[in-house]
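Under full-length UniProt numbering, the first residue of the sequence shown carries the number 1, and numbering increases by one thereafter. Glycine included, every Cβ here is placed at the ideal spot set by N, Cα and C. To keep things clear, I will list the structure first and then write my remarks on it.
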Amino acid sequence: MLPSKRGADDLTRFSADNKRPCSGEEATDLSISDLWNELSEEVVSKLSRSVVSIALSNGQRVLYASSGIVIERQCNCTKFVTSASLVRALHDSETNGHYKLEIEVRHEGNVAIGFLEEYDLDHEIAVVKVMPVLDVYCVPLNHQVQFDPHGRKVVAVGCDISGSLLVATGTCTDSRGSQYSRYVMFSTCKLSKTMQGGALFDFHGDFFGMNLFWDMERPIFLPRSIILERLGHFHTSLKKSVFLNLVKPVRDQRKRRRIGVKLFPHPGGSIKIFGDIYPNGVWDELKEGVARHICGNLVALASFNGESKLFACTGFFIDYYVDKCPAILTSASLVRNCDGTIIEGLTIEVLLPNNECCEGKLEHCSLHYNVALLTVKNYNVDCPVNLKHQTVDYSKVVAVGRCLEPDLVMAAGGECTRWSGKLDCNDLRYTTCTITKAGIGGPLVDVNGSFLGMNYYDRNMGTPYLRFDLLCGILNYFKTGLTKYEMIERHSLSPFLVAHIVEDGKKQPPNRWMGAGQSEDMDTLMDQDEDAANKERAAIAKPNRYWYRSVWISSEMKALNDECEHFVIFPPGHLYSSKTGGFSRWYNPPWYNEAIIPSVPYDPLVLRQAFEKAVLKRLMTDVPFGVLLSGGLDSSLVAAVAVRHLAGTEAAKRWGTKLHSCVGLEGSPDLKAAREVAEYLGTLHHEFHFTVQDGIDAIEDVIYHTETYDVTTIRASTPMFLMSRKIKSLGVKMVISGEGSDELFGGYLYFHKAPDKEEFHRETCRKIKALHQYDCLRANKATSAWGLEARVPFLDKEFINQAMSIDPEWKMVRPDLGRIEKWVLRKAFDDEEQPFLPKHILYRQKEQFSDGVGYSWIDGLKAHAASNVTDKMLSNAKFIFPHNTPTTKEAYYYRMIFERFFPQKSAILTVPGGPSVACSTAKAIEWDAQWSANLDPSGRAALGVHVAAYEHGWHQYPQGTNFQI
1 MLPSKRGADD LTRFSADNKR PCSGEEATDL SISDLWNELS EEVVSKLSRS VVSIALSNGQ
61 RVLYASSGIV IERQCNCTKF VTSASLVRAL HDSETNGHYK LEIEVRHEGN VAIGFLEEYD
121 LDHEIAVVKV MPVLDVYCVP LNHQVQFDPH GRKVVAVGCD ISGSLLVATG TCTDSRGSQY
181 SRYVMFSTCK LSKTMQGGAL FDFHGDFFGM NLFWDMERPI FLPRSIILER LGHFHTSLKK
241 SVFLNLVKPV RDQRKRRRIG VKLFPHPGGS IKIFGDIYPN GVWDELKEGV ARHICGNLVA
301 LASFNGESKL FACTGFFIDY YVDKCPAILT SASLVRNCDG TIIEGLTIEV LLPNNECCEG
361 KLEHCSLHYN VALLTVKNYN VDCPVNLKHQ TVDYSKVVAV GRCLEPDLVM AAGGECTRWS
421 GKLDCNDLRY TTCTITKAGI GGPLVDVNGS FLGMNYYDRN MGTPYLRFDL LCGILNYFKT
481 GLTKYEMIER HSLSPFLVAH IVEDGKKQPP NRWMGAGQSE DMDTLMDQDE DAANKERAAI
541 AKPNRYWYRS VWISSEMKAL NDECEHFVIF PPGHLYSSKT GGFSRWYNPP WYNEAIIPSV
601 PYDPLVLRQA FEKAVLKRLM TDVPFGVLLS GGLDSSLVAA VAVRHLAGTE AAKRWGTKLH
661 SCVGLEGSPD LKAAREVAEY LGTLHHEFHF TVQDGIDAIE DVIYHTETYD VTTIRASTPM
721 FLMSRKIKSL GVKMVISGEG SDELFGGYLY FHKAPDKEEF HRETCRKIKA LHQYDCLRAN
781 KATSAWGLEA RVPFLDKEFI NQAMSIDPEW KMVRPDLGRI EKWVLRKAFD DEEQPFLPKH
841 ILYRQKEQFS DGVGYSWIDG LKAHAASNVT DKMLSNAKFI FPHNTPTTKE AYYYRMIFER
901 FFPQKSAILT VPGGPSVACS TAKAIEWDAQ WSANLDPSGR AALGVHVAAY EHGWHQYPQG
961 TNFQI
């Protein structure tokens, strides 16, 4: 048990200072004893032991108090999640001159001192850690809730600063009327201020989320799924302060205005920030005066080539002068190119310890050791760093860095180690400190302030550094040209050894310092192995990979666009070899040559068996899964095959009931068909509805996550993005989807106009090759934005080969023979004895996903775009957007949003363009002269096809065409 630090009587004035008291009576419409009688003993124990009080104090005065939820209990510490209001209170207190601040965690009369481990202001979440192990109950964040929480009876639980439990009951209300419904939910519980950060449970003890803003009309809570996502992905930033916008009206009503106060982001929200922000955390472990001395010498640096930022890192003043100007030691990555040469004509911006900015001058540089020496004018340094030998405590060291934007001084603790990393400089030593690229060039010191060396960056293994004795030798070489220096060897009988500086150009091959240019959010190809380790094996169905020069590779463009001036899409089906320095195609199927027209006769049984095999392969899973069921042919076949084959799989034994999902507007074509298919197959079916306004509110998020401005992709990605969030909230982690069928079998309505089988086949080849920029991009990025995995059996490589080997004459639309689009696929599953699907579903006409979820969705998007884009703006589009010039107001609107997130020319070039009708390629527009006057990607744009299909009954199954197995 922990000794109590302060009694409850000493804290009463905190409650008195608040307009709304923190008593349990005000926060509940039901007494605690009555509530406990309604719950089981197990649930009561969970609720009472799952929350704590978290307070910010300055001596004997409590400045802020809220509740916290227990999320982790290890052998040496306990962690809690709470509201990020704690972060703002901490920042306000420091700004207002409060010192000796402490975060106190209270539970059952015990008090422990905690520290802020991490936080995310965008999602209003913070994590507090205490070293003692408390007797508490950890809420199961990974518990899969298999029901819709709306309308369920819930209880909000909190803890006040005296240790008393606070409860309030209510119901979960529908959040679909809010533009923030993708991130938060609402309840009717009447909360007190102290209950903010507390837990929300249902009456069965299932954890729903964390209570947030207590003084809003509808109390908000952060869903469990979002909490789990943010805890696991603190290195991702939405670039949108959703919650800051959400609570702005509330904050404006409070007396304590925050105008002019800059809230710094959570360290995990930026790849620049690491460790503990000064003066908290590891800074407290330094001896008195050391932290102040470090900050008095630390500078933030950035190099610019014209208006483009090249590199940003840290530097520090040393006891070295050039023409009476103080010198700054830093990394040569500030001024070097990736090919190991110095970039001429750079501007170097220096943020000095007094927070003034000036321009730095490059005096000397060693590319071999990645060391640069800069000077600044008209600045006096009181006590620069002394690089000479000192007694050093290697058991506890601190790596220090400074950010330029935001201006933060950071430190990460660790110890010296015998690790060896991936960098090719043999003079490097390693520590267990964890830093980011912003810490490159920063000093490494011990707790007494003794200087050990200068830090570099290795993504895979701790923090490398160059020792002080080598740095002294390098500086002496800069000054005198002499290469000899004294190297200090701790474990040698003779501690002083004679060594020599390696001059640039004297060693072959030279050090490349690959790691200095890597980013935390990037996968990096290194010269490790000339075999599969360096291969990017994405054939068709994987999301875009983007690459920068020959080093950086990322699955998302947003990891590169702020760091690189030029980047392109990694070509699918290729591998990159760092040995040859280029790409080579590894996926080279027969159909890839469009000139070769296949001639294999159509065999429905072979095609069916190939698809069943592809679906069965994707049922191998160890996570909860489902099927995206839209009611169209493709998703219905996926669901039907999955239902038929699931019973004997390991997935069925482990997870049992299947889950099928649908999203759409009320009255849309897809909803009715999906409902009928689910009933026919006997599945557990969930319908997720959304309104046109919900979709419009999500457009910016969709464009940010999908990284495209293509009209068709955005139209279809938005409902999929909204649906994925709902599916993930149910605990499902993988879904099987029907993408790829239309490309393989010519399922788009414009294929009705294909002039001959040769052109039909060539168009399917063109469509498959572009999948990574359209449907595969949508399916991967719209789902992965919420941590959901999409699997696509139609794009199984073996099935693709089977489908593309069929003579395209069988795929052609022939109304005179009763063949509609994708007839070969429909026929393969038209089993009279054991039907896979009802006939009218099996022969239902193609609806594009963005059309099928409701025609009002497309019309609503066009109307919204027209209200934001004027005729004059569109007429000037060719001057504003010379590449892929938008021709409609909808396209113009998406382009504006895209370039707000990704303004670089390289980003713009990653999105395909050109005219299209009903999802066709530009080449297919030549098939019909009328199409050039109706360039709309909607399936309805295929004039004379979409309407005629219904008028002539093509959507009805053909008569007299029985097929049996």
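Residue i to residue j span [Cα, whole Å]
i	j	result
V677	D634	12 angstroms
D427	F201	56 angstroms
K388	D446	14 angstroms
A65	F221	18 angstroms
N476	C325	17 angstroms
R900	H566	18 angstroms
S48	E102	25 angstroms
G401	G413	12 angstroms
P571	W552	14 angstroms
L795	N801	10 angstroms
K100	M410	19 angstroms
G747	W823	9 angstroms
M454	T330	8 angstroms
I897	Y704	8 angstroms
G505	Y465	22 angstroms
H772	H574	13 angstroms
F879	V711	20 angstroms
G275	L56	21 angstroms
K190	S225	23 angstroms
N780	F80	33 angstroms
K905	S308	13 angstroms
L121	S737	34 angstroms
Whether residue i touches residue j by CB criterion (8 angstroms)
i	j	result
V792	G740	yes
I858	A673	no
A199	V139	yes
I125	Y119	yes
A610	V627	no
K332	S366	Just to set this straight, residue 332 is Ala in the shown sequence, not Lys. Yes, Cβ-Cβ distance for A332 and S366 is below 8 angstroms.
F902	N561	yes
V502	E486	no
I197	G109	For the record, residue 197 in the displayed sequence is Gly; it is not Ile. Contact: no.
R766	K923	yes
D194	D160	In the sequence as displayed, the identity of residue 194 is Thr instead of Asp. Their beta carbons are under 8 angstroms apart, which means T194 touches D160 by this criterion.
Sequence-distant residues of the same chain with beta carbon closer than 6 angstroms to residue i, five excluded per side
i	result
K153	T171 and F203
G360	I348, V350, L374 and V376
E612	V641
G442	T314, V400, G401 and N455
Residue i beta carbon near the ligand GDP (any heavy atom closer than 7 angstroms)
i	result
K905	As far as ligands go, the structure on display features none, and thus does not contain the ligand GDP.
Beta-carbon contacts of residue i that lie in its chain and below 7 angstroms, excluding the five residues immediately before and after
i	result
A877	T885, P886 and Y892
N386	D319 and F451
I925	P915, V917, W931 and S932
Y321	A327
Expected contact under 8 angstroms - CB spacing of residue i and residue j to nearest Å
i	j	result
D407	G296	Rounded, the Cβ-Cβ distance is 15 angstroms, inconsistent with contact.
V615	A642	6 angstroms
E415	T432	5 angstroms
K726	F688	5 angstroms
L646	L684	Not confirmed; about 12 angstroms, so no contact.
Residues near residue i in its chain [Cβ-Cβ closer than 8 angstroms; skip 5 each side]
i	result
P598	P590, W591, H761, M804, S805, I806, D807 and P808
N280	F115 and L116
L607	Q802, A803, I806, V824, L825 and A828
Could you give the uninterrupted runs of the beta strand (DSSP E) lying entirely in the stretch 396 to 458, keeping only those of 3 residues or more? 397 to 403, 408 to 414, 429 to 431, 443 to 446 and 451 to 455
What ranges does the alpha helix (DSSP H) occupy inside the stretch 28 to 107, keeping only unbroken runs of at least 4 residues that lie completely in it? 32 to 38, 41 to 49 and 85 to 95
At 4 residues or longer, what runs of the alpha helix (DSSP H) sit wholly inside the UniProt domain "Asparagine synthetase" (607 to 757)? 633 to 646, 650 to 655, 669 to 681, 692 to 706, 711 to 729 and 741 to 745
Please give me, in chain order, every unbroken run of the beta strand (DSSP E) with length at least 3 that falls completely inside the stretch 184 to 229. 185 to 187, 199 to 202, 207 to 211 and 220 to 223
3-residue-minimum beta strand (DSSP E) runs that sit fully inside the stretch 780 to 832, ordered along the chain: 789 to 791
Give, in chain order, every unbroken run of the beta strand (DSSP E) that is at least 3 residues long and sits entirely within the stretch 269 to 350. 298 to 305, 308 to 322 and 325 to 331
Pick out the complete beta strand (DSSP E) segments inside the stretch 570 to 607, 3 residues or longer, and give them in chain order. 574 to 577 and 582 to 585
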